[in-house]
Amino acid sequence: MKKTIAILLVLVIGMAGVFAVIPEADASFKVTTTVTPVNRIAVTKATYNGASALTTLAAWEDYVTTNALSTVAAPASEATIGHLNIATNNTSGVAVKVSATPMVSGENDYEIGYYVKVNDSAAIFSGYDNSVETGLDAVSASAATTVVSASETQASEFLSLVTVDILAELDATSFDNAPTATDYEGTVTFEFVS
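Heads up: the sequence shown runs through residues 10 to 203, numbered per my numbering.
The following block contains the structure:
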């Protein structure tokens, strides 16, 4: 019986070498991830001057939060009133359009007009008597127009950060004829073109 156990033990040990898996010289595995789309837009008081290759989305978001522009007085003559900031990682780029509403008061129904220009675009007139303006391509405020094209925001190797000026001018005629009120307000809206 001892001989049988010894022989079986030798056979088991010997067979283990025959059926042992010998590892290959190289071994590997794949690592994957998904990059989610980043498409952000903000209006700020100042131009964002981050170094595009080194700036992170977190730094951009901190900047636009700190420098957010929510209300601005309409200037009597054309002037920069803010900056449109776009952050995207879209390799095809994103386009942005703008629309505007006339300034109205909760105290009366009168409208004060103004125009907005972004990135050398056509002026967006909102209740503005553009017949007195020359050299401006008029676009109705209700018909939003593209002011930043997709080709201007394409992200190739890094996050694309684009900043363009927002200019505005008050319509002197509607301002001069306006009834007294302290809360005339219009809205300029920027949105991504789908």
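Ideal Cβ positions, reconstructed from N, Cα and C, are used throughout, including at glycine.
{"query": "If you draw a straight line from the C-alpha of serine 79 to the C-alpha of valine 157, how long is it?", "result": "21 Å"}
{"query": "Am I right that phenylalanine 201 and isoleucine 90 are in contact with their C-beta atoms under 8 Å? What's the rounded C-beta distance?", "result": "Rounded, the Cβ-Cβ distance is 21 Å, inconsistent with contact."}
{"query": "Measure how close the beta-carbons of serine 107 and valine 127 come, nearest whole angstrom, since I'm counting them as under 8 Å.", "result": "Residue 107 is actually valine in this sequence, not serine. Confirmed, about 6 Å."}
{"query": "Could you give the distance in angstroms between the alpha-carbon of glutamate 161 and the alpha-carbon of alanine 96?", "result": "11 Å"}
{"query": "With hydrogens ignored, establish whether the beta-carbon of arginine 49 is closer than 7 Å to any heavy atom of the ligand HEM.", "result": "With respect to the ligand HEM, the structure shown offers nothing to examine, as it has no ligands at all."}
{"query": "State the DSSP-derived secondary structure class of tyrosine 72, mapped to helix, strand or coil.", "result": "helix"}
{"query": "Is it right to say threonine 75 is buried, meaning 16 or more other beta carbons lie within 10 angstroms of its own, or is it exposed?", "result": "exposed"}
{"query": "Ordered along the chain, which non-local residues of its own chain (more than five positions away) have a Cβ less than 6 Å from that of alanine 187?", "result": "Tyr119 and Ile121"}
{"query": "Thinking just about the alpha-carbon of each residue, which of Tyr57, Thr196, Ala34 and Ser165 is nearest to the one in serine 101?", "result": "Ser165"}
{"query": "Going by Cα to Cα distance, which pick from Glu116, Val105, Ala83 and Ser183 is closest to valine 125?", "result": "Ala83"}
{"query": "Leucine 168 and asparagine 98 - do their beta-carbons sit closer together than 8 Å?", "result": "yes"}
{"query": "Between the C-alpha atoms of phenylalanine 199 and alanine 55, what's the straight-line distance to the nearest angstrom?", "result": "17 Å"}
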